[in-house]
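J.: Residue numbers (the working numbering), protein chains in the order written: chain A, 1 to 528; chain B, 1001 to 1126; chain C, 2001 to 2490. Virtual Cβ for every residue (Gly too), placed ideally from N, Cα, C.
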Amino acid sequence: MNDWLLPLTLASSLLAGLIIFFLPERSVGWRSALNLGAAVLKLACVAAMLWGTQQGISYELRLPFLPGHELLLRADPLGLLFVTLSAVLWLLTTVYAIGYLEHSPNRSRFFGFFSLCVTATVGIALSGNLLTFFLFYELLTLATYPLVVHRGTPQVLQAGARYLAYTLGGGVVLLAAIVWLQTLVGPVEFRSGGALVALEATAGVENWMLVGIFALFIAGLGVKAAIAPLHGWLPQAMVAPAPVSALLHAVAVVKAGAFGIVRVVYEVFGIEFAHNLGVLLPLAVVASVTIVFGSLRALTQDDLKRRLAYSTVSQVSYIVLGVALFGPAGTIGGLVHLVHQGIMKITLFFCAGNYAETLGVHRISQMAGIGQRMPWTTAAFTVGALGMIGVPPVAGFISKWYLGLGAIEAGLGWVLAVLLFSSLLNAAYFLPILRLAWFEAPPPSWPHEAHAAHAAHAAHEAQPDNPPHAHPTAPDSAPPPRTGDAAPLLLLPTLCAAALALLAGLAAGVPLSPLDWVRFITATEYLP
Amino acid sequence: MIEAWGAALSTGWEGISGLWSAGVSVWLPTGSALVLLGLLGMLLAPSILRQLLAFNVMGSGIFVLLLALRPPGPSGVADPVAQALILTGIVIAIAATALGVRLARRYFELTGQTELPEDRDAARDD
Amino acid sequence: MTEGLLLPLLVLWPLLVGLGVYALPERASAALQVLGTVAMAGLVVGVLASPEPLRAALGGWAAPLGIGLHADRLAESMLVLTLLVYAAVLLYAQAYFAHGSELARRFWPLAWMLWAGLNAGYLSADLFNLYVALELVGLAAVGLTALTGQSTALAAALRYLLAALLASNLFLLAVVLLYTSTGSLALDSVGAHLAATGSSTWAAKLALALALVALALKTALAPLHFWLPAAHGNAVTPVSALLSALVLKVSLLILLRLWLELAPVLDLALLGLLLALLGLVASVWGSVLALTQRKIKMLIAYSSVAQVGYLFLPLAWLLPGGLGAALALEATVLHLLAHGLAKAAMFLAAGVLVLSAGRDDLASLRGAVAREPLAFAALTLAGVSLIGLPPSLGFAAKWQMMQAALLADQWPWLLWLLGGTLLSAAYVFRVLRLAFLPASEAFEARAPLPQRLSLCALALALLAAFGGFGAAAFSDWLAADALLGHWGGA
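1) Can you name the start and end residues of the alpha helix (DSSP H) that residue 193(A) belongs to?
2) Output, in chain order, the set of chain A residues within a Cβ distance shorter than 8 Å of residue 2468(C).
3) In chain order, which continuous runs of the alpha helix (DSSP H) of length 4 or greater are located wholly inside the segment 1047–1102 of chain B?
4) Of the residues 118(A), 229(A), 301(A) and 212(A), which one's Cα is nearest the Cα of residue 238(A)?
5) May I have the straight-line CA-CA distance separating residue 2167(C) from residue 2350(C), to the nearest angstrom?
6) To the nearest angstrom, how far is the alpha carbon of residue 398(A) from that of residue 191(A)?
7) Quick one, which residues of the segment 1083–1113 of chain B are near chain C if we go by CB-CB under 9 Å, in chain order?
8) Have a look at residue 256(A) and residue 368(A) and give me their C-alpha separation to the nearest angstrom.
9) Since residue 183(A) contacts residue 2406(C) with CB under 8 Å, what's their CB separation in whole angstroms?
10) So, with DSSP's three-state summary, where would you put residue 2289(C)?
11) How many Å lie between residue 310(A) and residue 484(A) at the Cα?
12) Quick check on DSSP: helix, strand or coil for residue 317(A)?
13) According to DSSP, simplified to helix, strand and coil, what is residue 214(A)?
14) Below 7 Å between beta carbons is the criterion; list the residues of the segment 2151–2182 of chain C that meet it against any residue of chain B, in chain order.
15) Take residue 383(A) and list the residues in its own chain whose beta-carbon comes closer than 7 Å to its own, dropping the five residues that flank it on each side.
16) Identify the residues that DSSP records as bridge partners of residue 35(A): which are they?
17) Mind checking residue 107(A): buried by the 16 CB within 10 Å criterion, or exposed?
18) Would you identify the three-state DSSP class for residue 159(A), choosing helix, strand or coil?
19) How long is the line joining the alpha carbons of residue 513(A) and residue 342(A), rounded to whole angstroms?
20) So, residue 2364(C) versus residue 2449(C), is the Cβ gap smaller than 8 Å?
21) Residues of the segment 2109–2134 of chain C with a CB closer than 7 Å to any CB of chain B: list them in chain order, please.
22) Find the residues of chain B that neighbour residue 2142(C), judging by a C-beta separation of less than 8 Å, and give them in chain order.
23) The alpha helix (DSSP H) spanning residue 2383(C) covers which residue range?
24) Take residue 1094(B) as the anchor and find which of 2165(C), 2113(C) and 2105(C) has the nearest alpha-carbon.
25) Within 8 Å of any Cβ in chain A, is that where the Cβ of residue 2018(C) sits?
26) Would you mind sorting residue 470(A) into buried or exposed? The rule is 16 or more other CB atoms within 10 Å of its CB.
27) Which of helix, strand or coil does DSSP assign to residue 252(A)?
28) Under 8 Å, with one C-beta from each stretch per pair, do the segment 83–99 of chain A and the segment 138–157 of chain A reach the 3-pair mark?
29) Nearest-angstrom Cα distance between residue 1050(B) and residue 1105(B)?
30) DSSP puts residue 2070(C) in a beta bridge; with which residues?
31) Looking at the unbroken beta strand (DSSP E) that takes in residue 241(A), where does it start and where does it end?
32) Are the Cβ atoms of residue 1054(B) and residue 1038(B) separated by less than 8 Å?
33) Residue range of the beta strand (DSSP E) that residue 600(A) falls in?
34) For a contact defined as C-beta to C-beta under 7 Å, what are the partners of residue 2402(C) on chain A?
35) Return the Cβ separation of residue 2076(C) and residue 2048(C) in integer angstroms, given the expectation that the two are a contact with Cβ distance under 8 Å.
36) To the nearest angstrom, how far is the alpha carbon of residue 491(A) from that of residue 96(A)?
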């Protein structure tokens, strides 16, 4: 019973994805059923593994792969944290995507790759060694590319080419790090407290080599984690449909990079070993620069998704910053922000998608008074925004609190200043939106309703060069413009995500909350 | 007259067999020259047919070299392995030449060209 | 006694089938080919199953006079690769050629003769037999290139023929020099002879140089690759698959054998470095040119030029006393397999797309991609192996190469091994992005092509894309250390 739980977690989305590829475009019911069924199944498997781990059962799967190196899947606490986040958010995003893409072409293709993308993310979470991690990391790149270029316009394809160049380049650097390290010390499995500490071969390796390998790891993983200056792909990738942006920024790609950095620092090098090597300070500096840079760039963006993109650049580096702060508080802050940022960011992207889909609003300048027209969405947006700024009781406050503590613990007072400054910047680019949305008068008509036909919008998004009447999907399937808030399929996940963000903050002290869990993980990383 | 011719022939024959028993002094340079000529021909000759001819010249040169480097033993019998190699080589050369000639002829029928078009490797292919 | 027949049969049987196919009418010929392929599979399995590497001396004549055949792990790997590719290509060709077409009638006998020549090249333990095998392969390949009889095909075939003939002569010259300086034609004793009589090394060096040039020309190592793009890019799809996947490999294998044999006797370090550098240039050159191609088959042909470059890289570390030697050998074999499977799959898949679109250029393949998703999936999976992403065979090969480079203390090569990934990805994705373009013309409903075509491509592509999982087992089986046993200790 236990043996197949791990593979089943992976297989649920993999098989669903493969089947969906072959479904005809019209079979909406089957496709949705498969998607949702797989998402629920995955959640169930994750829950089972959680329960089992509580009981003391360990889940592990080894497969021969390359000579001398095997594939290793393992459900350890850190991995379970990430996989739970992924599974929950995937369920929400699936519901959202079904609603969002209701009238788009190529849905089978989209959901097929969507499922592959989640398979890769789960694989990353459950990897037990560097090689397995790399395998799923590259699979993620391959699975997300089709999602980014889904719309097929020249602009989109160019963004996709850029995305590939960055992510494959990062993959190459990561591979260099892995090969170098493993040629020196042999196969490296993730281990709480650091694998290198335990391997005797490490003693023979010179320090400069270890530092170099560490730098390569950060560079390779930093592309996906959007560490400046490797973040260039992220704002461009906003051309993807909203569910993709939500997935990429909250769950999959960016988190995978950050998660990789967490694994490398804690479970490959080990926090104390890294501290002794002296690599933590440069990492903290790089993270801080990214935090400030991302926030500053976000200030100048009028396009909502791009502002959120730069916000992501900034926020993910909080995780890296937490990792770089030597001391339990910093670790807690960084790890718990992995979860919190995911939930909050996905809320914000869902809201952005709602605005675009329902009213055709893409830019912040168009959002005047939108709170009166779409109150629920805007309420969710408010929750997310407040969390980003760090206002209690939304979850973001908890992460920032611990990060601050961690800065003090590590003796890096300037980091506190960075945290405060960036919170101010966050306020500076989120509060005006809230003010605009709630307190300004709405315009006479929204961009969507100004268009002659709703179908033209969907056709425009998919194939701008085609005249509307040549659109393959029948225009008569498009609904009339909505009069209320977003469609139920879009609104429900949005509200759930917002609720989760609130809950994570309110119930932070409760056992099995993310915070509690992270405390447990941190303890294992610091104990000898 | 006949005696004079006979004398000339037998002198010539003695000379040749003398050279032969003197070893490789004639055949080695001959073979090498043929190989080099054939090689140059294959690389530089303009038309297909000439390249095929050069191929044959080079092949013959290689066979001569083989014989030169493997002179007959004291019993006067040529090296059987060398013979086998050369015979096989000749057969292969004939087959290859036949194929080449047939292709060249068909190519000429279709295009009227006896030379291959310029090599367009570095250019974009259309 | 029956085991002694296995090896000669591997060469003889395809010849017989080729003759039979030539003589028989279409229906019987198809049946014969099925029978023939199954029989070949049986023979290969028989060879694999034997606990000791098989040897056969034809006619009972032992070395140095006899023709010896020897099935070591290298040969067995290539036999299996050839069997897999041929099975897929023959099945494909059955559906690809219109029934009873002239093209088909010409294709079958030549294809089977090529198979015989390839097997002879893998199994020969005798220098002259290697020459004969190379000739057989060359002539059959030229015939296949000229299959359509059009002027472009003829020009490509003629250029190929002349290059092949030049190479053959150079190789023959090398054989002659080796034979006359060692008195033996048997490959395994050449090295021993030379070691014993140290005085003849100049002849051996010249011979090796000639043989290397000859084999590099046949394997299309840049800058000697000029004949390849026209030949592979313009040929009929099944032919392109066979040429790129298999014909290029047999000459490389022979080069490997010579290398392994002569490396303990001659100092090959500089030569290995030179060849590896040429390989690097080749992989850059081929990749860059692939980026500029407008026709998909030419793109794939230039990709072969690039991948051949990778095959030569390990020669820099394949030296006696070198720490990375066994890994380098293993990496080369893995790469031979990976490229053979992936390239064949790519050509077969591209052939489906071109058939469906009716045209060859990349821009007009968009509609075909939508009509033939399986073929496109095959193309993608093959591309994954070509780029070298896990868990493909290509990744396993690259991994071993990197480890070999690091062990041999030659880490600068790592930079290219890694960087090459990006170049390969660039031209592979140039093809893959087709799937996401909006349809340039209205979606036509054309008669769908037989699924079998795509499935053949897909089968090979799956093997290439997931073959990395078998790499550990393969490495144990190959036992590269044993293959290098005659090199002695470090």
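T.: Answer, in terms of the structure:
1) As a working mapping, residue 193(A) is identified with position 193 in the first sequence. Here residue 193(A) belongs to no alpha helix (DSSP H), and DSSP marks it neither H nor E.
2) Numbered from 1 along the third sequence, position 468 holds the residue referred to as residue 2468(C). Going along chain A in sequence order, the residues near residue 2468(C) (Cβ under 8 Å) are 65 and 66.
3) 1048–1069
4) Counting from one through the first sequence, the residue named residue 238(A) turns up at place 238. When only C-alpha atoms are compared, the closest one is 301(A).
5) Here residue 2167(C) corresponds to residue number 167 of the third sequence, with the count starting at 1. Here residue 2350(C) corresponds to residue number 350 of the third sequence, with the count starting at 1. Straight-line Cα distance between these residues: approximately 30 Å.
6) In the first sequence, the residue the question calls residue 398(A) occupies position 398. In the first sequence, the residue the question calls residue 191(A) occupies position 191. The alpha-carbon atoms of residue 398(A) and residue 191(A) are separated by roughly 27 Å.
7) Going along the segment 1083–1113 of chain B in chain order, one finds 1084, 1085, 1088, 1089, 1092, 1093, 1095, 1096, 1097, 1099, 1100, 1103, 1104, 1106, 1107, 1110, 1111 and 1113 with a Cβ nearer than 9 Å to chain C.
8) Position 256 of the first sequence holds residue 256(A). Position 368 of the first sequence holds residue 368(A). Whole-angstrom Cα-Cα distance: 35 Å.
9) Walking along the first sequence from the start, residue 183(A) turns up at place 183. Walking along the third sequence from the start, residue 2406(C) turns up at place 406. Sure, about 4 Å apart at Cβ, within 8 Å.
10) Here residue 2289(C) refers to the residue found at position 289 when the third sequence is read from its first residue. The answer is helix: DSSP assigns residue 2289(C) an H, G or I state.
11) Numbered from 1 along the first sequence, position 310 holds the residue referred to as residue 310(A). Numbered from 1 along the first sequence, position 484 holds the residue referred to as residue 484(A). Going from the Cα of residue 310(A) to the Cα of residue 484(A) covers about 30 Å.
12) In the first sequence, counting from the first residue as 1, residue 317(A) sits at position 317. Helix at residue 317(A).
13) On the first sequence, position 214 is the one that residue 214(A) refers to. Residue 214(A) falls in the helix class under three-state DSSP.
14) 2151, 2154, 2155, 2157, 2158, 2159, 2161, 2162, 2165, 2166, 2169, 2172, 2173, 2176 and 2180
15) In the first sequence, residue 383(A) corresponds to position 383, counting from 1. Within the same chain, residue 383(A) has close Cβ partners 347, 394, 498, 501 and 502.
16) As a working mapping, residue 35(A) is identified with position 35 in the first sequence. According to DSSP, residue 35(A) bridges with nothing at all.
17) Sequence index remark: in the first sequence, residue 107(A) carries index 107 (1-based). It is buried - the Cβ of residue 107(A) has at least 16 other Cβ atoms within 10 Å.
18) As a first step, residue 159(A) must be located in the first sequence, where it is residue number 159. Here residue 159(A) sits in helix by DSSP.
19) For the purposes of this step, residue 513(A) is identified with residue 513 of the first sequence, where counting begins at 1. For the purposes of this step, residue 342(A) is identified with residue 342 of the first sequence, where counting begins at 1. Rounded to the nearest angstrom, the two C-alpha atoms are 15 Å apart.
20) Reading the third sequence from its first residue, position 364 is the one you call residue 2364(C). Reading the third sequence from its first residue, position 449 is the one you call residue 2449(C). Not in contact: residue 2364(C) and residue 2449(C) (Cβ atoms no closer than 8 Å).
21) From the segment 2109–2134 of chain C, only 2128 and 2132 have a Cβ closer than 7 Å to chain B.
22) Residue 2142(C) sits at position 142 when you count from the first residue of the third sequence. Per Cβ cutoff of 8 Å: 1099 and 1103.
23) Residue 2383(C) sits at position 383 when you count from the first residue of the third sequence. That run of the alpha helix (DSSP H) goes 2373–2387.
24) Against the second sequence, residue 1094(B) aligns to sequence position 94. Ranking the options by Cα distance to residue 1094(B), first place goes to 2165(C).
25) Position 18 of the third sequence holds residue 2018(C). Cβ-Cβ to chain A under 8 Å: no for residue 2018(C).
26) Numbered from its first residue, the first sequence carries residue 470(A) at position 470. With a pLDDT of only 40 at residue 470(A), under the threshold of 50, the placement of this residue in the model should not be trusted, and no figure is reported.
27) Taking the first sequence and counting its residues from 1, one reaches residue 252(A) at position 252. Here residue 252(A) sits in coil by DSSP.
28) no
29) For the purposes of this step, residue 1050(B) is identified with residue 50 of the second sequence, where counting begins at 1. For the purposes of this step, residue 1105(B) is identified with residue 105 of the second sequence, where counting begins at 1. Computed Cα separation, rounded: 13 Å.
30) As a first step, residue 2070(C) must be located in the third sequence, where it is residue number 70. In DSSP, residue 2070(C) forms a bridge with 2055(C).
31) Counting from one through the first sequence, the residue named residue 241(A) turns up at place 241. Element bounds for residue 241(A): n/a, residue is neither H nor E.
32) Here residue 1054(B) refers to the residue found at position 54 when the second sequence is read from its first residue. Here residue 1038(B) refers to the residue found at position 38 when the second sequence is read from its first residue. Taking 8 Å as the Cβ cut-off, residue 1054(B) and residue 1038(B) qualify as a contacting pair.
33) Any answer about residue 600(A) is impossible in this case: the structure gives chain A only from 1 up to 528.
34) Within the third sequence, residue 2402(C) is the residue found at index 402, counting from 1. Near residue 2402(C) (Cβ distances below 7 Å), the residues of chain A are 179.
35) As a working note, residue 2076(C) is residue 76 in the third sequence. As a working note, residue 2048(C) is residue 48 in the third sequence. Correct: roughly 6 Å between the Cβ atoms.
36) Reading the first sequence from its first residue, position 491 is the one you call residue 491(A). Reading the first sequence from its first residue, position 96 is the one you call residue 96(A). Their backbone Cα atoms lie some 8 Å apart in a straight line.
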